[in-house]
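Here's the structure, in structure tokens; my notes come after.
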Amino acid sequence: MTQAGAPPPGRNEEGRSREEALAGRGRRVVIVGAGITGLACAWRLSEVARERALSLDLALLEAAERPGGVIATERSDGFLIEGGPDNFISEKPWALDLCRRLGLEDQILGTNPHCRRSFVARDGGMKPVPEGYQLMAPSRILPFVATRALSLRGKARAACDLVLPRGPQVPDESLASFVTRRFGREALERLAQPLIAGIYHADPERLSLRATFPRFLEMERAHRSVILALVRGRRRSGASGRGVSGARYSLFVTLRDGLQILVDRLAARLPPGALRLGERVMSLERRGPGWLVATQTGDRLPADAVVLALPAHAIGSILRDVDAGLAAHLKAIPYGTSITVSLGYRRADVPHPLDGFGFVVPRAEKRALVACSFSSVKYPGRAPEGAVLLRAFIAGPAAGAAETATPERRARDELRDILGVTAPPLCARTWVWPRSMAQYDVGHLERVAGIDARLARLPGLHLAGNGLRGVGVPDCVRGGEAAAEAVAAGWAP
Ligand SMILES: Cc1cc2nc3c(=O)[nH]c(=O)nc-3n(C[C@H](O)[C@H](O)[C@H](O)COP(=O)(O)OP(=O)(O)OC[C@H]3O[C@@H](n4cnc5c(N)ncnc54)[C@H](O)[C@@H]3O)c2cc1C
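In our numbering, the protein residues as written are 916 to 1408.
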């Protein structure tokens, strides 16, 4: 927004253009938010500046007193506890590549090869998710026929996918609508809903299929039957059922010392003084060809380019006076609260064999828990000898209620019912992450297109973070790095 007395658009106080202004000094870039998105962006930018021998004046402003955002690892009584994400998918290469570039390759751990299965809670107990089941549909027929996670009728309805015609061409469809029309209500309620809630912590009735799992839509388009597409895909990629890109690692990987090490390594590689903690950004203002970034402490930082690497609602607040329409689009992206409760037990105090990576809980079970990972079974080094670490998730409407109540109590009560654990834990740690998980509702991609169109009118401003193009750690790394490349693309060669 140009103010009275401010220089004309495209010119700075001395009347110089962006290129003229940049000629004599370093490129001033302000990145806001030091979660994984902002950190990946900052480091990629410093890499590019170094490669091109350009001087970079970089500030990474973070409201909290620590970097990492929702990535937080703690050690307590021999347990290694993840407060936010505890692993990431290896098929999306961006986080793995970042780890390699940072020299963290020897930290990368695959999942325990002996227990690669999960359970789904049903009627007070747990049933194994059928082997080869891919979120919505089976890729292997026999385990699906044998499963006790669905009734006979439910399985028969799911098998109708093999003969059903393609669905109508619509601009977007909810995940629940897609799963119901292809596999039936029971497959949605008993398998797809809980498995997907374990990833997106979201309501499938609202979740956009195109924005979250477009590959299932493509399968229907290309093969008509999703089950046939999965079975053929599995045969093509060999008996393991894995794609070529995952050949070296399991589908999910983590870091030996916890994901915080990725954050710490990134922070340590930034130019000295670039990371500024305890600096909350309040607003932005157009200033000539660049921007003025106002912080809560009263600082006003001039910048040639700004990257807002924040949850969409936080970006919306900062941009309210820059472009109210853009801010409204961003604030309309819903976010949910997630809670993790990590509980360490003596192994002997957990009656269940823990012969899997954890369980998910269908909404139909009416519990606060959405899922629980058997963290110390999934990855080594998470619990001391003779102990196990369980990590319960509370999300959705229950997270709002549990936030003010006692999430640890609720998690322990439900683990008592489902796993039979009655003993007190050796250690317990709860993290509450308010409005942290973006929910990509039906129409999300159109909303993002609208955001991009408005953003194109604001040169030097770039947006990233989990509200736009993927919520997982790899997507956030890609978004941060893409923002860095976009900033650098504006630098004259
Ligand atoms: C409980 C939980 C479990 C998850 N599990 C997984 C998983 O296993 N695998 C996976 O791939 N993904 C997982 N995710 C998703 C993934 O971790 C996140 O989407 C991703 O880490 C978000 O990173 P970010 O940098 O975009 O945002 P954040 O981590 O939210 O970082 C944003 C940063 O911006 C700061 N900030 C906010 N406002 C301002 C302001 N005005 N000025 C300055 N700074 C500000 C915040 O303090 C924060 O540090 C999980 C998420 C949660 C919450």
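Backbone N, C-alpha and C fix where the C-beta goes; we use that ideal spot for every residue, glycine too.
Owing to the predicted nature of the structure, the values given are computational and were not obtained by experimental measurement.
Run of the alpha helix (DSSP H) containing residue i, from where it starts to where it stops
| i | result |
| --- | --- |
| V1276 | Element bounds for V1276: n/a, residue is neither H nor E. |
| T1212 | Element bounds for T1212: n/a, residue is neither H nor E. |
| L954 | I951 to E966 |
| V1094 | L1090 to F1098 |
| G1069 | L1067 to A1074 |
For residue j and residue i, believed in contact at Cβ under 8 Å, the rounded distance
| i | j | result |
| --- | --- | --- |
| L1378 | I1230 | 6 Å |
| C1030 | E1396 | With 8 Å as the limit, C1030 and E1396 do not qualify as a contact, their Cβ atoms being about 34 Å apart. |
| I1309 | V1285 | 6 Å |
| A1112 | G1251 | No, A1112 and G1251 are not in contact; Cβ-Cβ is about 10 Å, not under 8 Å. |
| F1167 | N1002 | 4 Å |
| R1303 | V1265 | Rather than Arg, the amino acid found at residue 1303 in this sequence is Val. Correct: roughly 6 Å between the Cβ atoms. |
| P1312 | L973 | No, P1312 and L973 are not in contact; Cβ-Cβ is about 41 Å, not under 8 Å. |
| R1105 | V1035 | 7 Å |
| L1170 | I951 | Incorrect: roughly 12 Å between the Cβ atoms, too far for contact. |
| E1120 | A1091 | 5 Å |
| L971 | L954 | Not really, about 15 Å apart at Cβ, beyond 8 Å. |
| R1055 | E1046 | 6 Å |
| V1237 | R1201 | 7 Å |
| M1051 | A1137 | No, M1051 and A1137 are not in contact; Cβ-Cβ is about 16 Å, not under 8 Å. |
| L975 | A1010 | So it is not a contact: roughly 19 Å between Cβ atoms. |
| L1190 | E977 | 7 Å |
| I1004 | G1387 | 6 Å |
| G1394 | S1033 | No, G1394 and S1033 are not in contact; Cβ-Cβ is about 28 Å, not under 8 Å. |
| S1253 | S1351 | 6 Å |
Bounding residues of the beta strand (DSSP E) (the contiguous stretch that carries residue i)
| i | result |
| --- | --- |
| D972 | L971 to E977 |
| V1085 | Counting along the chain, V1085 falls outside any beta strand (DSSP E), and DSSP gives it neither H nor E. |
| L1057 | From DSSP, L1057 is part of no beta strand (DSSP E) but of the alpha helix (DSSP H) over I1056 to A1061. |
| R1032 | Neither: R1032 is in no beta strand (DSSP E) and is coded neither H nor E. |
| A1220 | A1220 to A1224 |
| S1290 | Segment S1290 to K1293 is the alpha helix (DSSP H) holding S1290; no beta strand (DSSP E) there. |
| G1193 | Run containing G1193: none; DSSP gives neither H nor E here. |
| V944 | R942 to V947 |
| P1043 | G1040 to P1043 |
| L1024 | I1023 to G1025 |
Closer than 9 Å to chain D by CB, residue i
| i | result |
| --- | --- |
| S1140 | Looking at the structure shown, chain D is missing, and only one protein chain is on hand. |
Contiguous beta strand (DSSP E) assignments of at least 3 residues, all confined to the segment 1109-1177: 1167-1170
Only counting runs of 4 or more residues, tell me where the alpha helix (DSSP H) segments fall wholly within the segment 977-1021, in order along the chain. 1009-1016
Beta strand (DSSP E) segments (min. 3 residues) lying fully within the segment 1298-1353: 1302-1310 and 1342-1353
Report the residue ranges of all beta strand (DSSP E) runs contained in full by the segment 1228-1285; include only those spanning at least 3 residues, in chain order. 1250-1261 and 1273-1275
Can we say the segment 998-1011 touches the segment 1369-1378, given the rule of at least three CB pairs closer than 8 Å? no
Are at least three pairs of beta-carbons, each pair with one atom in the segment 1380-1397 and one in the segment 1214-1234, less than 8 Å apart? yes
Examine the Cβ distances between the segment 1201-1219 and the segment 1007-1016 and report whether three or more of them are shorter than 8 Å. no
Which ranges would you report for the alpha helix (DSSP H) in the segment 1367-1404 if only whole runs of at least 4 residues count? 1388-1404
Indicate whether the contact test is met: 3 or more Cβ pairs, each with one atom in the segment 1342-1362 and one in the segment 1212-1223, closer than 8 Å. no
With three or more beta-carbon pairs closer than 8 Å as the criterion, would you say the segment 1358-1367 touches the segment 1123-1132? yes
Okay, do the segment 1141-1152 and the segment 984-991 touch, 3+ Cβ pairs below 8 Å being the bar? no
Counting pairs of Cβ atoms below 8 Å between the segment 1323-1332 and the segment 1231-1245, do you hit three or more? no
I want to know whether the segment 1044-1060 touches the segment 1140-1148 - three or more CB-CB distances under 8 Å. yes
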